[in-house]
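Taken in sequence, the protein lines are chains A and B. For the first sequence, the numbering used here assigns the number 1 to the initial residue and increments by one for each residue that follows. For the second sequence, the numbering used here assigns the number 501 to the initial residue and increments by one for each residue that follows. Single-structure report; data block below.
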Amino acid sequence: MDLYVHPRFEVLRSEKKCICCRVCERQCANGAHGYDESAGTMESYDEKCVNCHRCVALCPTKALKIAETSHSFRQNANWSGHTIQELYLQANTGGVLLSSMGNPRPLPSYFDRILLNASQVTNPSIDPLREPMETRTFLGKKNQTVTRDTRGRLKDNMGAQLELRAPIMFSAMSLGSISYNAHASLANAARELGIFYNCGEGGLHKDFYKYGPNTIVQVASGRFGVHQPYLMAGAAVEIKMGQGAKPGIGGHLPGHKNMGQIAATRMTPEGSDAISPAPHHDIYSIEDLRQLVYSLKEATGNTKPIIVKIAAVHNVAAIASGVARSGADIIAIDGFRGGTGAAPTRIRDNVGIPIELALASVDQKLRDEGIRSDVSLVVGGSIRSSTDWVKAIALGADACYIATGALLALGCHLCRSCHTNLCNWGIATQRPDLVRRLNPEIGAEHLVNLIKAWQHELREIMGGMGINSVEALRGNRLMLRGVGMTREELDILGIKHAGL
Amino acid sequence: MKRIFAREEWCLACHLCEYHCANANLPHKEGGNFNAEMARNLKGRAIRPRIRVEEDDRVHFALSCRHCDEPACKKSCISGAISMINGVVCIDRDKCVGCYTCILACPYGTIVPSDDGHAAQKCELCMQNSCGEPACVAHCPNRAIVYEEVLDE
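Listed below in structure tokens is the structure:
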């Protein structure tokens, strides 16, 4: 007999409000709701609930809510109920625990312990509604020397750049890990916002080539869907070396998700597991990476900036320094809170470092070595709000990547069950009946709203600081103060403690 | 003239439109709690919505009155209860004798008997009820029902 694992959630239904319309039953792909014909009442199957709130959101009389079970184990500060249940699961199955989305553990957030500055008396603040406020950003290598031709005219020696209307982009999520409609939403929103979305490692669906000017195409260790027209389709090419949610681990799209258009786009046989190896089998050194960077530059005729994405790990500053020297134009760093469609739980929850620390140390290292202008820095891994965004820029980022935030705008409720293919919101699933639940018209509108709202807040915050361009905010650590941090933490972040 | 259109590719067959339709055509208190009122209105009641989700394994969409240019229901009505008011096909409850000829005549099957069985009822674009805009459109979670101008002509 299997060890008993008690359901984590309880479906609470108000009998007074329930009108038995059965919307909850029809909308739950997990089968957590049922209808008892003879009694004429709805019933719940708590063990199937993943707490995704699809039923809660659609219930027309708001008769439903989901509660974390109050079922308890005997109190133990070392062995939490959750830890015990996970152990039971493994004892029952012998398997590696799988999870999705970002690390949920209560580890410190440095963003939350950083406070922002504002102008008073001696330096005027700026009203963004009345005065110009520049949020446009260019990503790519910036030349430090001015060269002139024989007649003394300035030579345009600037390499390929990405122009963003605001320093934010949607980070890589492959077609396969998320649905066609989720991709359509991201692509549409990126085009309307004048920013970029990243098609991830699963190739670019033929329908999305038209969004090419707002697309970053990715080359990952599986090389899925990579061919010449693909590389030329995007505005930039990203080499994925690592992912914040699972540094050191590859990817695995199970065969049942790798069907139809997904498989065709990946150029893999239908129904076969699409496996991205943990390393790129042709990259074992910075020199190897340099070869790939230059191969891609050559393949695209030097018209596209090359991004190298790495996960934030212990020695990230030295790694980034190496990447900068490999010829990459942009370095993307993904922090340990970054999301995933599926990762071994223990890896997701224990590997990597916070993005704030990684960013500060990388920015400092590149400055110290005089190569900061050779690359732009893009950071991701849980940028949750406009203030996280502002703080990241002030810590030295040229732009931020968001993905979890973008999925939330599409309806994701962070139930962290992406790996089950049963996403009730039509995001992380390939089941056609579930995919159609995400109408890209609505999805794109929500994404545009979100980024516009953040842009308003960004302008407002910059105005308060007396800063009128993102350029002037970037790396401006004097605008930051820490609270409740140790000397060492402040030193790594390169900021002063509040009060100083 | 604005009309209700079904967008089959986005219909989830959740049937919310039917319940919101039924609710919109029942009495409402001004400023009442919407959810509580809906629960009170529809609890234990078999609904007769003026919009229905047609579904089988392959396709589903919400169907309501098409407000035809030459309505078969209007032609068939023996008591002159059906008329075209500003492009909306309406049934006058006071004139309707409940013979259900219109139900037989409608090629779309979008007319249904009223709750009391004494008259026929159909979608009147929520012009006559408390909603003011088509409730099915307002409450469709996936924009599978839209209220738009007819583009031809």
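All C-beta atoms in this analysis are idealised placements derived from N, C-alpha and C, irrespective of residue type, glycine included.
Q: List the whole-angstrom C-beta distance separating Ala182 (chain A) from Leu410 (chain A), where the pair is believed to meet the contact cut-off of C-beta under 8 Å.
A: 6 Å
Q: Please confirm if the segment 601–610 of chain B is in contact with the segment 569–586 of chain B, defined as three or more CB-CB distances below 8 Å between the two stretches.
A: yes
Q | chain B within 8 Å of Pro60 (chain A), Cβ atoms only | A | yes
Q: Would you check if there are 3 or more beta carbon pairs closer than 8 Å linking the segment 145–160 of chain A to the segment 352–361 of chain A?
A: no
**Q.** Own chain, CB closer than 7 Å to Pro440 (chain A), minus 5 neighbours either side, in chain order
**A.** Asn181, Ala184, Ser185, Asn188
Q) Thinking C-beta only, is Tyr401 (chain A) closer than 8 Å to Met169 (chain A)? A) yes
Q: Check whether the Cβ atoms of Gly396 (chain A) and Leu408 (chain A) lie closer than 8 Å to each other.
A: no
Q) Can a CB atom of chain A be found closer than 8 Å to the CB of Glu509 (chain B)? A) yes
Q: Since I believe Ile262 (chain A) is in contact with Ala343 (chain A) (beta carbons under 8 Å), could you give me their beta-carbon distance rounded to a whole number of angstroms?
A: In fact, because the Cβ distance is near 20 Å, the residues do not count as touching under 8 Å.
Q: Determine the extent of the beta strand (DSSP E) in which Leu563 (chain B) is found, giving its start and end residues.
A: 560–563
Q.
Once DSSP output is grouped into helix, strand and coil, what is the label at Leu564 (chain A)?
A. Here chain A has residues from 1 to 500 only, and residue 564 (chain A) is not among them.
Q: Look at Ile195 (chain A) and Leu164 (chain A) and say whether their C-beta atoms are less than 8 Å apart.
A: yes
Q: Could you pull out every residue in the same chain whose Cβ sits closer than 6 Å to the Cβ of Val323 (chain A), ignoring the five residues on either side in sequence?
A: Val308, Ile331
Q. In terms of DSSP beta bridges, what is Cys606 (chain B) paired with?
A. DSSP, once it has assigned bridges, lists no residue as partnering Cys606 (chain B).
**Q.** Check whether Val470 (chain A) and Glu86 (chain A) have beta carbons under 8 Å apart
**A.** no
Q: Could you pull out every unbroken beta strand (DSSP E) segment of at least 3 residues lying fully inside the segment 310–398 of chain A, listed in chain order?
A: 330–334, 376–380
Q. Given that Arg643 (chain B) touches chain A, what residues does it touch there, using C-beta distances under 7 Å?
A. Asn439, Glu441, Ile442
Q. Where does Ser99 (chain A) sit, in a helix, a strand or coil, going by DSSP?
A. strand
Q.
By alpha-carbon positions, which one of B:Glu570, B:Asn535, B:Pro613, B:Cys568 ends up nearest to Lys16 (chain A)?
A. B:Asn535
Q: Compare the C-beta of Arg436 (chain A) against all C-beta atoms of chain B and say whether one is closer than 8 Å.
A: yes
Q: On a CA-only basis, which of A:Glu488, A:Leu480, A:Leu493, A:Glu489 is nearest Leu500 (chain A)? Give me that one, please.
A: A:Leu480
Q.
In this structure, how does DSSP classify Glu86 (chain A) when only helix, strand and coil are distinguished?
A. helix
Q: Examine chain A for any beta-carbon lying closer than 8 Å to the beta-carbon of Tyr519 (chain B), and answer yes or no.
A: yes
(Q) I'd like to know if the segment 525–532 of chain B and the segment 491–498 of chain A are in contact, where contact means that at least 3 CB-CB pairs between them fall below 8 Å. (A) no
Q: Run the CB neighbour count on Phe526 (chain A), radius 10 Å, all protein chains shown included, and call it buried at 16 or more, exposed below.
A: Shown here, chain A extends from 1 to 500; a query on residue 526 (chain A) therefore has no answer.
Q. Going by C-alpha distance, which of A:Glu298, A:Pro124, A:Gly464, A:Lys206 is nearest Gly260 (chain A)?
A. A:Lys206
Q. Quick one: is Pro229 (chain A) buried, meaning 16 or more other Cβ sit within 10 Å of its Cβ, or exposed?
A. exposed
Q. So, using beta-carbon positions, are Asn541 (chain B) and Asn629 (chain B) closer together than 8 Å?
A. no
Q. If you run the structure through DSSP and keep just helix, strand and coil, what is Ser272 (chain A)?
A. coil
**Q.** Inter-residue spacing [alpha-carbon to alpha-carbon] between Gln218 (chain A) and Ala172 (chain A)
**A.** 8 Å
Q | Residues within the segment 477–496 of chain A neighbouring chain B, beta-carbon criterion of under 8 Å | A | none
(Q) Does the segment 606–623 of chain B come into contact with the segment 639–646 of chain B, if we say contact requires no fewer than three beta-carbon pairs (one atom in each stretch) closer than 8 Å? (A) no
Q.
Looking at the strands, I want to know which residues DSSP matches up with Val11 (chain A).
A. A:Ile66
Q: Pull out every residue of the segment 14–25 of chain A whose Cβ sits closer than 9 Å to any Cβ of chain B, in chain order.
A: Ser14, Lys16, Lys17, Cys18, Ile19, Cys20, Cys21, Arg22, Val23
Q: Can you have a look at Ser14 (chain A) and say buried or exposed, based on whether 16 or more other CB atoms are within 10 angstroms of its CB?
A: exposed
Q) For chain A, is any of its Cβ atoms less than 8 Å away from the one on Cys514 (chain B)? A) yes
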